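Chemist: As numbered in this note's numbering, residues 3 to 596 make up the sequence shown, in order. Each residue gets a CB set at the ideal place from its N, CA and C atoms; glycine is no exception. On a predicted model such as this, the values are computed, not experimentally measured, just so you know.
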Amino acid sequence: MSQPPPPPNQPPQGGFGAPQEPGYGYPQQPPTPPPPPPSAPPAPPQTPPQGAGGYGYPDQPVHGQPTQGGPSPYGSGQQPYGQPQYGQQPYGQPQFGQPQYGQPPQAQYPGGPGPGGPGGSGQSKQRMAIIVSAVVAVALIIGGGIWFATKDDGGGSEAKGKDKQSSQGASSGTTGGGDKPAKTVDAKLLNKIPMPKVSDQVTVEGMWTTDDTFVKAGVYKIVGYPLSGGDAKWTIPLDGAVCWSSDHLTKDGLTTVLYQEAKPSAEDKYPSCTEVGLLDLKNGKMLWHRNVKEGDEKVRFDEVTIGGGTVAAGGTSGGAAWSTSGQSLWKPKAGEQCSDDGYAGGEDKLVAVRRCGDYDNPQIQVQTLNPKTGAVKSAYKVSQGIDYVHVASTDPLVIGLDAGDSTGSAVSDFLSIDDSAKTGKVLGKIGTENGKYDAKCESTNVEGCRKLAVSKSANTLFLGSEDRTDSSAATANEVVAFDLKTGKPIGKTDGVKGAALTPLGLDKDGSVLAYQESTWETGGAVWRIDPKSYAKTKLLQNPVASHEMEQKFSPSYSEIIYSGEHLYMSDVYADKPSGAYDRDDPLAIIFGAS
3 MSQPPPPPNQ PPQGGFGAPQ EPGYGYPQQP PTPPPPPPSA PPAPPQTPPQ
53 GAGGYGYPDQ PVHGQPTQGG PSPYGSGQQP YGQPQYGQQP YGQPQFGQPQ
103 YGQPPQAQYP GGPGPGGPGG SGQSKQRMAI IVSAVVAVAL IIGGGIWFAT
153 KDDGGGSEAK GKDKQSSQGA SSGTTGGGDK PAKTVDAKLL NKIPMPKVSD
203 QVTVEGMWTT DDTFVKAGVY KIVGYPLSGG DAKWTIPLDG AVCWSSDHLT
253 KDGLTTVLYQ EAKPSAEDKY PSCTEVGLLD LKNGKMLWHR NVKEGDEKVR
303 FDEVTIGGGT VAAGGTSGGA AWSTSGQSLW KPKAGEQCSD DGYAGGEDKL
353 VAVRRCGDYD NPQIQVQTLN PKTGAVKSAY KVSQGIDYVH VASTDPLVIG
403 LDAGDSTGSA VSDFLSIDDS AKTGKVLGKI GTENGKYDAK CESTNVEGCR
453 KLAVSKSANT LFLGSEDRTD SSAATANEVV AFDLKTGKPI GKTDGVKGAA
503 LTPLGLDKDG SVLAYQESTW ETGGAVWRID PKSYAKTKLL QNPVASHEME
553 QKFSPSYSEI IYSGEHLYMS DVYADKPSGA YDRDDPLAII FGAS
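1) Distance, Cα to Cα, Thr471 vs Thr504?
2) Indicate the three-state DSSP secondary structure (helix, strand or coil) for Ala1 in the structure shown.
3) Using the Cβ count rule (16 or more neighbours within 10 Å means buried), how would you classify Gly89?
4) Using DSSP with H/G/I as helix, E/B as strand and the rest coil, what is Asp420?
5) Using alpha carbons as the reference points, say which of Ile562, Leu589, Ala268, Gly387 lies closest to Lys194.
6) For Leu454 versus Pro398, is the C-beta spacing smaller than 8 Å?
7) Determine the burial state of Asn363: buried for a count of at least 16 other Cβ atoms within 10 Å of its Cβ, exposed for fewer.
8) Helix, strand or coil for Glu561? Go by DSSP, reduced to three states.
9) Per DSSP, what kind of secondary structure is Val187 in: helix, strand or coil?
10) How is the alpha helix (DSSP H) around His549 delimited, first residue to last?
11) Could you check if Asn285 is buried or exposed, using at least 16 other CB atoms within 10 Å of its CB as the buried criterion?
12) Would you please state the rounded distance, in angstroms, between the beta carbons of Gln543 and Ala527? I believe it to be under 8 Å.
13) Kindly provide the ranges of any alpha helix (DSSP H) runs that are 4 or more residues long and lie completely inside the segment 272–346, ordered along the chain.
14) Pull up the distance between the alpha-carbon of Gly433 and that of Val456, whole angstroms please.
15) Since Trp529 is in the beta strand (DSSP E), which residue starts that stretch and which ends it?
16) From this set, Leu515, Glu449, Ser580, which residue's C-alpha is nearest Gly247's C-alpha?
17) Would Ser596 pass as a contact of His549 if the rule is Cβ separation under 8 Å?
18) To the nearest angstrom, how far is it from the Cα of Val259 to the Cα of Ala476?
19) Assign Pro583 to one of three DSSP states: helix, strand, or coil.
20) If you run the structure through DSSP and keep just helix, strand and coil, what is Val546?
21) Do you know whose CA, among Leu283, Phe484, Val378, Val498, lies nearest Pro228's CA?
22) With DSSP as the reference, label Gln262 as helix, strand or coil.
23) Do Ile388 and Ala405 come within 8 Å of each other at the CB atom, strictly closer than that value?
24) Nearest-angstrom Cα distance between Lys499 and Ala478?
25) With 16 other CB atoms within 10 Å as the buried threshold, where does Asp586 fall?
26) Would you list the residues sitting across from Pro239 in a DSSP beta bridge?
27) Sort Val428, Val391, Gly347 by Cα distance to Gly489 and report the nearest one.
28) Looking only at its own chain, which residues have a Cβ that is under 7 Å from the Cβ of Glu567, when we skip the five neighbours before and after it?
29) If you drop the 5 nearest sequence neighbours on each side, which residues of the same chain put their C-beta closer than 6 Å to that of Trp529?
30) Could you name the residues of the same chain whose beta carbon sits closer than 7 Å to that of Tyr59, not counting the 5 residues immediately before and after it, in chain order?
31) Under 7 Å from any heavy atom of the ligand GDP, does the C-beta of Trp324 make it?
32) Which residues does DSSP list as the beta-bridge partners of Gly433?
33) Determine contact between the segment 301–309 and the segment 343–354, defined as no fewer than three beta-carbon pairs at a distance below 8 Å.
34) Within 10 Å of its beta-carbon, does Glu299 have 16 or more other beta-carbons around it, so buried, or fewer, so exposed?
35) Would you identify the three-state DSSP class for Glu480, choosing helix, strand or coil?
36) Throw me the rounded Cβ distance for the Ser325 and Pro334 pair, which I believe falls under 8 Å.
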């Protein structure tokens, strides 16, 4: 497919009312490129985005004034670490989301060059940077004012106290370190899904659960199993390998996947990710599959999601959307100077990240859409100098920016956005402080942020603190609660000694689910955290006998779901063994009482 020249370097025109000041977003030192997951395929060559894309809704210059984050509940003596990890926020199911691994969409097999165009994680794009002395505060010009971001001086609150955080964002908070009495499932290893035999690495990203089925993407197929594992109940064949799978599962059991147009062949070793399919996981069927053509060529996409009854796919070639009945709602338009990088879904919402202007200095907007028409309901304009924007949650709207992260997590700050008006407004800013708080987003994709939970009822973002497993600390880390209205820490949940506690998402009742990693002394565990009192309750304890197998499924690079008193863990790549040590590695494992 021929690529038109990149659009001219100009901001979007039109919009709601007169142009406003730029929103939050600031360049800093270029971050260290994130390492790919183990055995990840090579990234394809990088090319400028194609000019065709988007669906023609107006661009609005908007802005918002962020609230400076308050002091941390931890001192500044903790050193940042460089291990990238993840978190997720789903909807509509009693489970937590699984990771999107944003592999290069057009090159999923190692050993050869992939076609052009930026794809998923592992691709670090050149960012505009203003290098400032590490000792001097960074002046951030926001909405005509200046905001100074400084390092914590060690005088931050420990976030302990009897009273809850006040609405004014006081530095005190609460600690929910105690365990509430509850029945803990004494789990055992119920089943293993064998690793498919392949000659080359194949992406098998995608895992979900319904009321009666555990669903896992396989090699050129989607397979449904009994909840405790066993023989397959049904299989949905695919024309090619999975490129991206949506975390979102509707109440009707619908989800969506992006997959290649064909299997690799001698003529085409790296088929393009052009096919979008809507899956009915309750009945084990593909309801429809669609693609979009630009001339004689199919449009390639990088990711897909479902939100508000609309399936939407986006990428460097622009965005397209369909109703759940398969009707086309919008698609890329040739000659447009803006395109949709991707979309974030949810039960009732659909949010677009729209890119305009020059490839090396883009203007990005985060736009809350009418899912049925694509009309823009609200828009927040990110200041130039930020190349990629992630959406961690659509309701409430929480976005992630990389403005100088050096850990490879692709996110340095989370912004809570009020999208109730036409012009989006920043409510609070939460910094990860180069690994002091642990989160992971895909480097170039819109969805796929991990190792976090967003509670709408508590209006809170939950992040794990850095892992101190190798130290003599009483606990390996804490789960810290941040007020989305102020960006300030308002409480924490103490972890356990020797194993990090990772937020994973919410259960059906709105409580935070967290995974405790396995060690040589104990199996992993699942905890529930009350989003308002921060008290934790152990829900499931895995056996120590299977800890070595459990450790093969890293919270950084594997899919994990807790649902119905079962813990599901799976790989996102099918690969041939490298030696005796991984000869018997399964594709997925299931823990539970029965």
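Modeler: According to the structure shown:
1) 13 Å
2) Here the chain covers residues 3 to 596 and nothing more, so residue 1 does not appear.
3) Residue confidence for Gly89 is low, a pLDDT of 34 falling below 50, so the modelled location carries little weight; the figure read from the coordinates is stated next. It counts as buried.
4) strand
5) Leu589
6) Contact flag unset, no.
7) exposed
8) strand
9) strand
10) 549–552
11) exposed
12) 5 Å
13) Runs found: none.
14) 15 Å
15) From DSSP, the beta strand (DSSP E) with Trp529 extends over 527–531.
16) The identity of residue 247 in the sequence shown is Ser, whereas the question assumes Gly. The residue with the shortest Cα to Cα distance from Ser247 is Glu449.
17) no
18) 43 Å
19) Residue identity differs from the one stated: residue 583 is Tyr in this sequence, not Pro. Residue state, collapsed to three classes: helix.
20) Val546 falls in the helix class under three-state DSSP.
21) Leu283
22) strand
23) yes
24) Answer to the nearest angstrom: the Cα atoms are 5 Å apart.
25) exposed
26) Lys223
27) Val428
28) Cβ neighbours of Glu567 beyond the five flanking positions: Val187, Leu542, Gly594, Ala595.
29) Ala516, Lys538, Lys540
30) Unreliable positioning characterises Tyr59 in this predicted model, as indicated by a pLDDT of 40, which lies under 50. A coordinate reading is not provided.
31) As presented, the structure is devoid of all ligands, the ligand GDP included, so that no description of it is given.
32) Asp415
33) Contact between the segment 301–309 and the segment 343–354 is present, because at least three Cβ pairs lie under 8 Å.
34) exposed
35) It is a strand residue.
36) Not a contact, Cβ separation roughly 18 Å.
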